[in-house]
Structure formats: structure tokens, C-alpha cells
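Just add 133 to the spot in the sequence shown (first one is 1) and you have the numbering used here.
Read the structure below first, then the notes.
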Amino acid sequence: MFGILLALSSSVFGEVSDIIGKRSIQKRKASVYTVGFLTLIFGILFLAFSAMKRGVFVFSMASLPTLIPRILLEIVLSVITITALGRANRSTFGFVRTLTTPLLLLVDLIMGYALSDRQIIGVVLISVILLLVSLSNKISKEGISLLFISAILPVATLSLYKYDINHFNSFEAEQIIVSFCLLIFFYLMAIFKADENPFTFLTKRVFLFQAVMSGLGTAVGSFAYDWLAPSIATAALRSGAVFSATISGDIYFKEKHRLYKFSIAILIVLGLLFLA
């Protein structure tokens, strides 16, 4: 039960950060690049502290042929995702990004791994729901193409990630290196393209709060994996993200069709539970 609470808390912290980021982009108070920087900075500090404390920073130069493509794909993915954050409705954002999970299972199936009947039901259920979402006139289509790209690209990045940590690097080393490269990218783009210094945003309470919330989401989410089986933790985190996005879309952003969207959220969570 405690692990579930950690996962749900992580989703809430992440949602608060996303709300501030979305508003900042929409009102042109911060660029996509500065929002990306703020989203990453405290999460990296937590991962670095965790790696030093546990002494688990293991990196192999042999991982570079897969690590470098992953970094490049993560840069593209991060820019697309944060751009979609500013454009798409929160509920739509939460719904579509769950597509990654069934796609990963389909890749496992293609690679020769067996899926249980329950997992097949989950894949079909989520796929059908997202097809209906994409066709429904009750769901805003603004930014939805970016969302589908941001849901599909992680199939490649996560596959490369799993290969690296199974053969070369520790989880902490892999994530710190990739996140640090993303942080440098967002910092340079904010400086040279958006003419913003992301560090000055940390002196403003609202942006500092956004960065802290994102960092807490990363930290608390990682602790959830210490209390739960990985499949259960992943399902809990994604379910929490769907409900958090749906609730914030309804309450904070005043999105329409409340009953329809909460019904979709419940069905998606049901599908995620089948996948766990």
C-alpha cells in the first residue's frame, strides 16, 4: 500500500510541474527549452546523490554505439513532448501517452517473448480506447500528432535503455548521462535560441517550485520501485499520471466533457492493470 501511495504522490508532483510548465509556455513566460531544463535539473541531482550513496555508478565505453543514438532520440523526444505539453489538453496528454506501454509489449511479442492472456486483453483494450479517443469529437485534437509521436518514440529509447543496463551500464549511470546531456542541450538552446538564462528562472518562486515538484516526482517515483514489483510500480505510476492529468484538465484548465473523459481514464487504468 505504501508503494502505491509513493507512485500516486510521484504522479501528483509531476502533474503540478507540468501545469506550471504548460502555463509558462502558453503565456510565453518561458520557452520550451527553459521548461525542459527546469524539469530535469533536480531529478539529475537526486540521481547523482543516489548513485554516490549506493556506489552504483557503472559505465562501460562499449555502450556508446547504443547510448549515443539513445541520447539523440531522447533530445528529439523531449522537445516534442514539452512542445506537446504546451499545446495539448492535459487529459489528451495523459490518455495518448499510455500508448507506449502496449507498444513495448508488442515489441516483446515480436522479439519472441510470450504474452499472457491478461496482457493481450490490456493491449487490445488500451489500443481500442486510444483509437476512439483519436476519432472522438469530445477530445481536443490540438497537439495530438505530437503526442502520438511522443508515445511511439519511447519504444526505441526504452529498448536501447534496457539493452544498455542489461549489458553495460548501471541504471543510475545510464540515466545520469542521458539526463545530463539533455540538460546541456536545453540550457544551450535556451541561451542561444530563446535568449533566456534558465538559472535566473530558479530565482523566481513559481519556476523554482516547478523544478522542485519535478525533482520530487523523480525521487518519489524511484522509491516506489523499492516497495513494489516493477510491473506494479509502472502501472501505478502511469495510472496516477492519467488520473492526475484528467483531474487537472477538469479543475484547473476547465476542459469540457467531464464524464466522458473520466470514463476514458478509468478504462485506460483498467487496461494498465491488465498489463501489470
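In this text, a Cβ means the ideal position worked out from N, Cα and C, and glycines have one as well.
Just so we're clear, the structure is a prediction, and the values are computed from it rather than from any experiment.
Could you tell me whether the Cβ atoms of residue i and residue j are closer together than 8 Å?
i: VAL229; j: LEU280; result: yes
i: GLU207; j: LEU315; result: yes
i: PRO235; j: ILE272; result: no
i: ARG220; j: GLU275; result: yes
i: ALA195; j: PHE334; result: no
i: THR351; j: PRO287; result: no
i: SER157; j: MET346; result: no
i: ILE397; j: VAL266; result: yes
i: LEU180; j: SER312; result: yes
i: VAL256; j: LEU238; result: yes
Measure the alpha-carbon distance for residue i versus residue j and round it to whole angstroms.
i: SER377; j: SER144; result: 7 Å
i: ILE215; j: LYS155; result: 8 Å
i: ILE153; j: ILE380; result: 15 Å
i: LEU210; j: ILE204; result: 10 Å
i: PHE175; j: SER372; result: 24 Å
i: ALA374; j: THR231; result: 9 Å
i: PHE135; j: ILE365; result: 13 Å
i: GLY169; j: PHE226; result: 16 Å
i: TYR393; j: ILE324; result: 42 Å
i: PRO198; j: LEU291; result: 15 Å
Please identify the residue among the options whose C-alpha is closest to the C-alpha of residue i.
i: LEU141; options: ILE153, THR367, ASN222 and TYR393; result: THR367
i: ASP328; options: ALA284, ARG161, PHE190 and ASP151; result: ARG161
i: ALA369; options: VAL353, ASP383 and ILE384; result: VAL353
i: VAL191; options: GLY227, GLU305 and ALA181; result: GLU305
i: PHE332; options: VAL339, LEU264, TYR320 and VAL212; result: TYR320
i: THR419; options: PHE318, ARG338 and LYS394; result: Shown here, the chain extends from 134 to 409; a query on residue 419 therefore has no answer.
i: LEU173; options: SER249, THR225, PRO198 and ILE309; result: ILE309
i: TYR296; options: LEU171, ILE201, ILE401 and ILE177; result: ILE201
Given 7 Å as the limit, tell me if residue i has its C-beta closer than that to any heavy atom belonging to the ligand MN.
i: GLU388; result: Because no ligand of any kind appears in the structure shown, any question about the ligand MN cannot be addressed here.
Does any residue of chain C have a CB that is nearer than 8 Å to the CB of residue i?
i: LEU370; result: Among the protein chains of the structure shown there is no chain C, as only one such chain exists.
Subject >> Inter-stretch contact (C-beta, 8 Å, three-pair minimum) for the region 243–250 and the region 296–305 >> reply: no
Original post:
Which runs of the beta strand (DSSP E) fall wholly inside the region 164–228 and span at least 3 residues, in chain order?
Top reply: none
Subject >> Contiguous alpha helix (DSSP H) assignments of at least 4 residues, all confined to the region 251–310 >> reply: 277–300
Original post:
Within the chosen definition, does the region 177–197 reach the region 383–401 through at least 3 CB pairs nearer than 8 Å?
Top reply: no
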